[in-house]
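Each residue of the sequence shown is one higher than the one before, counting from 80 in my numbering.
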Amino acid sequence: MFSHLSWGLMMKWLGKSLVTLLLLLILAVVTIYVAIQTNWGAYQLSQWLSHHSRYQVQIGDIEHRWLQPGTLAFSNIVIRNKQHTFTLEAQVAAFDFNWQQLTSPRHFHRLLLQQGQLTIKGPQQSLPFSANILQLNQMAIQSENADWQIQGQNITGGITPWNPQSNKLAGNGKFQFSADKLNFNDISLAKVIMQGDSQQNTLIIRSLGATLAQGSISGNGQRLPDGSWQWDNLLISNVRWQTPMTFEELWLKVSQLPAISIKDLSLTNAKLEGKNWSANYLDASVKNIGLANGSWQAKEGILDFNVMDTTLNDLHFTDAIGHLLLAGNELRITNLTTRWEKGLFHVKAQWNHQTKQFNIANATVAGLTYTLPQNWYQSLKKSLPQWISGFSINQLTINNSLLIDINPDFPFQLTALTGYINDMELLKEGEWGIWNGSSNLSATSATFNKVELHRPYLKLHTEGNKLIIDQLDASVDDGLLKVKGTVDQQAQKPFTLDFRGIDADLAILPQWQWVPLKLPGKGNFTLSIQGDLAADDIKSTIDGTLTATDKQSGKETQVIDKGQISIQNCETCSVIRL
Numbered sequence: 080m081f082s083h084l085s086w087g088l089m090m091k092w093l094g095k096s097l098v099t100l101l102l103l104l105i106l107a108v109v110t111i112y113v114a115i116q117t118n119w120g121a122y123q124l125s126q127w128l129s130h131h132s133r134y135q136v137q138i139g140d141i142e143h144r145w146l147q148p149g150t151l152a153f154s155n156i157v158i159r160n161k162q163h164t165f166t167l168e169a170q171v172a173a174f175d176f177n178w179q180q181l182t183s184p185r186h187f188h189r190l191l192l193q194q195g196q197l198t199i200k201g202p203q204q205s206l207p208f209s210a211n212i213l214q215l216n217q218m219a220i221q222s223e224n225a226d227w228q229i230q231g232q233n234i235t236g237g238i239t240p241w242n243p244q245s246n247k248l249a250g251n252g253k254f255q256f257s258a259d260k261l262n263f264n265d266i267s268l269a270k271v272i273m274q275g276d277s278q279q280n281t282l283i284i285r286s287l288g289a290t291l292a293q294g295s296i297s298g299n300g301q302r303l304p305d306g307s308w309q310w311d312n313l314l315i316s317n318v319r320w321q322t323p324m325t326f327e328e329l330w331l332k333v334s335q336l337p338a339i340s341i342k343d344l345s346l347t348n349a350k351l352e353g354k355n356w357s358a359n360y361l362d363a364s365v366k367n368i369g370l371a372n373g374s375w376q377a378k379e380g381i382l383d384f385n386v387m388d389t390t391l392n393d394l395h396f397t398d399a400i401g402h403l404l405l406a407g408n409e410l411r412i413t414n415l416t417t418r419w420e421k422g423l424f425h426v427k428a429q430w431n432h433q434t435k436q437f438n439i440a441n442a443t444v445a446g447l448t449y450t451l452p453q454n455w456y457q458s459l460k461k462s463l464p465q466w467i468s469g470f471s472i473n474q475l476t477i478n479n480s481l482l483i484d485i486n487p488d489f490p491f492q493l494t495a496l497t498g499y500i501n502d503m504e505l506l507k508e509g510e511w512g513i514w515n516g517s518s519n520l521s522a523t524s525a526t527f528n529k530v531e532l533h534r535p536y537l538k539l540h541t542e543g544n545k546l547i548i549d550q551l552d553a554s555v556d557d558g559l560l561k562v563k564g565t566v567d568q569q570a571q572k573p574f575t576l577d578f579r580g581i582d583a584d585l586a587i588l589p590q591w592q593w594v595p596l597k598l599p600g601k602g603n604f605t606l607s608i609q610g611d612l613a614a615d616d617i618k619s620t621i622d623g624t625l626t627a628t629d630k631q632s633g634k635e636t637q638v639i640d641k642g643q644i645s646i647q648n649c650e651t652c653s654v655i656r657l
């Protein structure tokens, strides 16, 4: 009986003890629950997390509401790693729990980050938690690594599921977000709406809409694991884009970007402007064209464009319309129409990227008024740009054009210039010249160093490496001028010139930088000379004779020897340097 009484007392004591422990446990939980939601509790949790993780954690407040029993909210939270390459600041960070916490305590149903900033610099380690849904609300993001720089403001959206990985904190999942501003590698977008997903290091943008440079952009594409971009569709309209870069600097920067391929791009009503270049009211369509390391990649690429007004350095073009085809290394200009220097141009041509050969298959020029730049002849000796090593013309027709040279040493002007050029090679292995072809040119009038000519006509062709001037005729007053000559296209460029004047003013020759004749008035003359056009001092290479007669049968003969002119049968005449 005593044993039964002892056993009953023990069970009664054990029951009271369990109740007491349970009450103490509940009290402890309630105490912790209440304490953790105080500033002191938030501070203690911050210190504990900072000491037991690789992050420094600061928590302002912790809040739990029984109306939302599965949500734990942190206010004014700051998390940064000890290298300061990762910083998260948020006014609210809320964790939603679900049954998965039983097997995966670090995996949450939802993580909400609200009104804060996320800063990432360089490669990152994976975060210690994940979620079915990562939700951002009015967040700012700044991310910098070797591939890209991203800055976003007022970002709202989410990723599902969110499984952060090393060097890829966004993980693999579907995303959708909007942003007031988004800067991506110096590309500034506003009012951005984007959705897509990330799969195996491939970023797929299923839809993109944004404001770009006062215009709009929309499209879809993807970024591949190698960093290249593929855009299926891009629509850009009404952009007004400016840059301080020259066109060469811009092209160099573009050539350093990751490879990009475009299936279909439409650009409408664009205005682009840089240093010494611009394109106003540009419409363009690009199909099946890629760009890598400054070179295009296309099998059957098409580029159509029209631009009302465009400038490049001193060049100014208007009303340009073009249709271009790209295949392999060849760019074919099937049609190019533009106005330049009051002239109308129609051009069909092709350029080979590998050989750097540029060929005009067919072109017409009408109404051109062009003044040659100063020292244009000397510029032919300068180094050529890398994109060209050969230049040829199959057929060029010129109509009613005006050509002017204002060189003070020997100015000239050709009025109503008309003619054609056939099968002419002008640049060969980096050297300018007339290597092949023929040409017939005429003008209604011309002026050469203040000497007015009427109906000048030029005919020339090539034979082997020799340029032959078959005919160069012009009327002067009641007289006639006739020229024939040759130029060998060798390194030294030796030339011959036969210049005859019939019933012409003998003062023409001095006006054309020859020494004055002693014979006055009109007469006949024959000048036969030879020399080297490649010499630095061409005049010192000239040999030949000049014979002139006037109306009174007076005669004068000059002998030219290495640029030194002596007059025959004149003992008082000194030798004159040409």
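The beta carbon of each residue, even a glycine, is placed where N, CA and C say it ideally should be.
| Item | Value |
| --- | --- |
| C-alpha gap between Glu-328 and Gln-335, whole angstroms | 11 Å |
| Residue of Leu-351, Trp-356, Asn-355, Ala-371 minimising C-alpha distance to Asp-362 | Leu-351 |
| Nearest residue (CA-CA) to Gly-623, options His-432, Gln-147, Thr-605 | Thr-605 |
| Beta-carbon spacing of Tyr-638, Gln-631 below 8 Å | Just to set this straight, residue 638 is Val in the shown sequence, not Tyr. No; because the gap between Cβ atoms is not below 8 Å, this pair is not in contact. |
| Tyr-449 - partner residues in DSSP beta bridges | Leu-482 |
| Beta-bridge pairing of Tyr-134 - partner residues as DSSP gives them | Asn-160 |
| Buried/exposed call for Glu-531, threshold 16 Cβ in 10 Å | exposed |
| Closest residue to Leu-643 among Gly-602, Val-594, Gly-633 (Cα-Cα distance) | Leu is not the amino acid found at residue 643; the sequence shown has Gln there. When only C-alpha atoms are compared, the closest one is Val-594. |
| Length of the line joining the Cα atoms of Ser-521 and Asn-479 | 10 Å |
| Residues that Leu-303 bridges to, as DSSP identifies them | Per DSSP, none; premise fails for Leu-303. |
| DSSP state of Gln-179 mapped onto helix, strand, coil | helix |
| Under the three-state DSSP convention, the category Glu-142 falls into | strand |
| Exposure label - Gly-602; buried when at least 16 CB within 10 Å | buried |
| For Ala-258, the nearest candidate out of Glu-542, Asp-552, Ile-220, Cys-649 (CA to CA) | Ile-220 |
| Assigned secondary structure, Ser-619 (DSSP; H/G/I helix, E/B strand, else coil) | helix |
| Span separating the alpha-carbon of Gln-274 from that of Leu-124 | 37 Å |
| Nonlocal neighbours in the same chain, by C-beta distance under 6 Å from His-533, ignoring five residues either side | Ser-524, Ser-554 |
| Residues of its chain near Arg-159, where Cβ-Cβ distance is below 8 Å and the 5 sequence neighbours each way are ignored | Tyr-134, Gln-135, Phe-165, Thr-166, Leu-167 |
| Gly-509 beta carbon less than 8 Å from that of Leu-463 | yes |
| Inter-residue CB distance, Leu-585 and Val-566 (contact presumed, cutoff 8 Å) | Leu-585 to Val-566, Cβ: 27 Å. No contact. |
| Close Cβ partners of Gln-137 (< 6 Å) along its chain, the five nearest in sequence each way excluded | Ser-125, Val-157 |
| Three-state secondary structure (DSSP) of Phe-208 | coil |
| Option in Gln-255, Asn-454, Ala-269 with minimal Cα separation from Ser-286 | Gln-255 |
| Local conformation of Ser-471 per DSSP, three classes | strand |
| Span of the beta strand (DSSP E), counted from its first residue to its last, around Pro-323 | 319 to 325 |
| Whole-angstrom C-beta distance between Gln-321 and Gln-309, which should lie under 8 Å | With 8 Å as the limit, Gln-309 and Gln-321 do not qualify as a contact, their Cβ atoms being about 28 Å apart. |
| First through last residue of the beta strand (DSSP E) which encompasses Trp-356 | 356 to 371 |
| Sub-8 Å separation of Ile-587 and Gly-564 beta-carbons | no |
| Supposed close pair Ile-477, Gly-498 - CB separation, criterion 8 Å | 5 Å |
| Unbroken stretches of the alpha helix (DSSP H), 4 residues or longer, contained in the stretch 548 to 628 | 587 to 590 |
| Span of the beta strand (DSSP E), counted from its first residue to its last, around Ser-257 | 252 to 263 |
| 8 Å contact criterion, which Trp-419 and Thr-390 should meet: CB distance rounded | Actually they are not in contact, since the Cβ atoms of Trp-419 and Thr-390 sit about 11 Å apart, beyond 8 Å. |
| CB of Gln-436 within 8 Å of CB of Gly-469, strictly | yes |
| Residue span of the alpha helix (DSSP H) that contains Trp-227, given as start and end | It is not in any alpha helix (DSSP H) - Trp-227 carries neither H nor E in the DSSP assignment. |
| Beta-carbon spacing of Leu-505, Ile-513 below 8 Å | yes |
| For Arg-658: DSSP bridge partner residues | With the chain covering only 80 through 657, there is no way to say anything about residue 658. |
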